[in-house]
Amino acid sequence: MIERQRACAGRGFTLTELAVVLAIIALLLGGMLFTLSAQIEQRNFEDTRQRIEQAKSLLLAYAIVKGRLPCPARSTSFGDEVRNAAGQCTDGATEDYYGGNLPGGVTGGLLPARAIGLQVLDGQGFALDAWGGRLRYAVAKSVSNCAGASVLPHFTHEANLKTNGITCQPGDLVICRSATGIGAATCGPAANALTNQNVVVALVFSTGRNFAAVGAGGIDEAANGNGDPVFVSHPPAPAGALTGEFDDQMTWIAVGELYARMISAGVLP
Numbered sequence: 002m003i004e005r006q007r008a009c010a011g012r013g014f015t016l017t018e019l020a021v022v023l024a025i026i027a028l029l030l031g032g033m034l035f036t037l038s039a040q041i042e043q044r045n046f047e048d049t050r051q052r053i054e055q056a057k058s059l060l061l062a063y064a065i066v067k068g069r070l071p072c073p074a075r076s077t078s079f080g081d082e083v084r085n086a087a088g089q090c091t092d093g094a095t096e097d098y099y100g101g102n103l104p105g106g107v108t109g110g111l112l113p114a115r116a117i118g119l120q121v122l123d124g125q126g127f128a129l130d131a132w133g134g135r136l137r138y139a140v141a142k143s144v145s146n147c148a149g150a151s152v153l154p155h156f157t158h159e160a161n162l163k164t165n166g167i168t169c170q171p172g173d174l175v176i177c178r179s180a181t182g183i184g185a186a187t188c189g190p191a192a193n194a195l196t197n198q199n200v201v202v203a204l205v206f207s208t209g210r211n212f213a214a215v216g217a218g219g220i221d222e223a224a225n226g227n228g229d230p231v232f233v234s235h236p237p238a239p240a241g242a243l244t245g246e247f248d249d250q251m252t253w254i255a256v257g258e259l260y261a262r263m264i265s266a267g268v269l270p
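The opening residue of the sequence shown carries number 2 in the numbering used here; numbering runs sequentially from there.
As structure tokens, this is what we get:
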């Protein structure tokens, strides 16, 4: 009897018992990794939010110093705006106010980080979000409701902005709740509009974790990279959402905010 007890005490774990222990350890590790991954993702989200809000602040500061907003950068401009002497957002051949894919495989609508002084840059001078994607930027091209005759460009030209006056409102950029039913210039149904064409003078956004392919998440993300003045902004949505995955983050400058800052600084009357 004593020898049997000793034999049982020294036999160790059976394969079944080891399998159960390993399964428990795997479950615990999986839970820990999921929690850690969620924490990292939330930190990246908050970090990116701070970066685009900082970009907005620097754009407003740029407008005070220069008397105008900058034009977008493009993938060939090393983080600087692409703008001609007349203040138009063009290189002489291709305009770029809203971003998208330009001729020759060039990406437009990038934040001109070098021009506004935003840090966290890649090797070519472009501002990055927390996932390593380049921050995007769009600026209003047209104006409406001016008190008198207006000369374009308005928001990207110091002298024109002063001459046209602060009654001029933007006439193109619009932000929608969803890409469902939108057109090339409007949000479609009135209930789908977060703003109208007379509010937004510029916007900054991150393409999120899935930045490697703009629009890969679905139609809502695709609307933010197709080159027209219609954009989409709403809370994050998973891959199984009706309009696809959405993790873009966006902020914008309203015309009243821009004019108020410039008037307060004595740049505009």
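Note that the Cβ used here is the ideal one computed from N, Cα and C, for glycine as well. Given the structure is predicted, the values throughout are model-derived calculations rather than measurements.
*Give the secondary structure of V140 by DSSP, where H, G and I count as helix, E and B as strand, and everything else as coil.*
Within the sequence shown, residue 140 is the residue found at index 139, counting from 1. In this structure, V140 counts as strand in the three-state DSSP scheme.
*asked:* Please give the ranges of any beta strand (DSSP E) in the stretch 143-231, keeping only runs that are unbroken, at least 3 residues long and fully inside the region.
replied: Restricted to the stretch 143-231, the beta strand (DSSP E) segments that are unbroken, complete and at least 3 residues in length are 175-177 and 201-207, listed in chain order.
*asked:* Would F247 and L204 be called neighbours here (beta carbons separated by less than 9 Å)?
replied: Translated into the one-based positions of the sequence shown, residue 247 becomes position 246. Translated into the one-based positions of the sequence shown, residue 204 becomes position 203. In this structure, L204 does not lie closer than 9 Å to F247 by Cβ.
*At which residues does the beta strand (DSSP E) containing A255 begin and terminate?*
As a first step, residue 255 must be located in the sequence shown, where it is residue number 254. A255 -> beta strand (DSSP E) spans Q250 to A255.
*asked:* Rounding to the nearest angstrom, what Cα-Cα distance links F46 and E18 in this structure?
replied: As a first step, residue 46 is located in the sequence shown; it is residue number 45 there, counting from the start. As a first step, residue 18 is located in the sequence shown; it is residue number 17 there, counting from the start. Their Cα atoms are separated by approximately 42 Å.
*Which partner residues does G118 have in the DSSP bridge list?*
Here residue 118 refers to the residue found at position 117 of the sequence shown. Under DSSP, G118 forms no beta bridge with any residue.
*On the DSSP bridge assignment, give the partners of G247 in chain order.*
Against the sequence shown, residue 247 aligns to sequence position 246. Checking the displayed sequence, the identity of residue 247 turns out to be Phe instead of Gly. The partner list for F247 (beta bridge, DSSP) reads A238.
*Verify whether the separation of the beta carbon atoms of A116 and Y63 is less than 9 Å.*
As a working note, residue 116 is residue 115 in the sequence shown. As a working note, residue 63 is residue 62 in the sequence shown. Yes, these two residues count as a Cβ contact at 9 Å.
*Quick one, which of T108, N85 and I26 has its alpha-carbon nearest T77's?*
As a working note, residue 77 is residue 76 in the sequence shown. When C-alpha distances from T77 are compared across T108, N85 and I26, the shortest belongs to T108.
*Kindly provide the ranges of any beta strand (DSSP E) runs that are 3 or more residues long and lie completely inside the stretch 61-133, ordered along the chain.*
101-103 and 107-109, all fully within the stretch 61-133.
*Within its chain, find whatever has a CB closer than 6 Å to the CB of G218; leave out the 5 residues flanking it on each side and keep chain order.*
On the sequence shown, residue 218 is found 217 positions in, with the first residue counted as 1. Cβ within range, chain order: N211, G245, E246 and F247.
*Take V121 and list the residues in its own chain whose beta-carbon comes closer than 8 Å to its own, dropping the five residues that flank it on each side.*
Stepping through the sequence shown from its first residue, residue 121 is reached at position 120. These residues qualify, in order along the chain: R52, A128 and L129.
*Mind checking Q40: buried by the 16 CB within 10 Å criterion, or exposed?*
Counting from 1 along the sequence shown, the entry for residue 40 is found at position 39. That one is exposed.
*Are the beta-carbon atoms belonging to I167 and P239 less than 9 Å from one another?*
For the purposes of this step, residue 167 is identified with residue 166 of the sequence shown, where counting begins at 1. For the purposes of this step, residue 239 is identified with residue 238 of the sequence shown, where counting begins at 1. Between I167 and P239, the gap from beta carbon to beta carbon reaches 9 Å or more.
*Distance between V202 and L259 (C-alpha atoms, nearest Å)*: Indexing the sequence shown from 1 puts residue 259 at position 258. Indexing the sequence shown from 1 puts residue 202 at position 201. Each residue's Cα considered, the two are about 8 Å apart.
*Whole angstroms is fine: what's the gap from T95's alpha carbon to P104's?*
Taking the first residue of the sequence shown as 1, we reach residue 95 at position 94. Taking the first residue of the sequence shown as 1, we reach residue 104 at position 103. Cα-Cα distance, rounded: 8 Å.
*Helix, strand or coil for V268 per DSSP?*
Counting from one through the sequence shown, the residue named residue 268 turns up at place 267. V268 falls in the coil class under three-state DSSP.
*asked:* Can you tell me whether C175 is buried or exposed? The criterion is at least 16 other CB atoms within 10 Å of its CB, across all chains shown.
replied: Position 174 of the sequence shown, counted from the first residue, corresponds to residue 175. The displayed chain sequence assigns Val, not Cys, to residue 175. Here V175 is buried: its Cβ has 16 or more other Cβ atoms, across all protein chains shown, within 10 Å.
*Where DSSP assigns a beta bridge to R135, which residues make up the other side?*
Here residue 135 refers to the residue found at position 134 when the sequence shown is read from its first residue. L129.
*Thinking just about the alpha-carbon of each residue, which of G118, G133 and P71 is nearest to the one in A141?*
Mapped onto the sequence shown, residue 141 falls at position 140. It is P71 whose Cα lies nearest to the Cα of A141.
*Which word fits Q43, buried or exposed, when buried means at least 16 other C-beta atoms lie within 10 angstroms of its C-beta?*
Position 42 of the sequence shown, counting from 1, holds the residue named residue 43. Q43 counts as exposed, since fewer than 16 other C-beta atoms from the protein chains shown sit within 10 angstroms of its C-beta.
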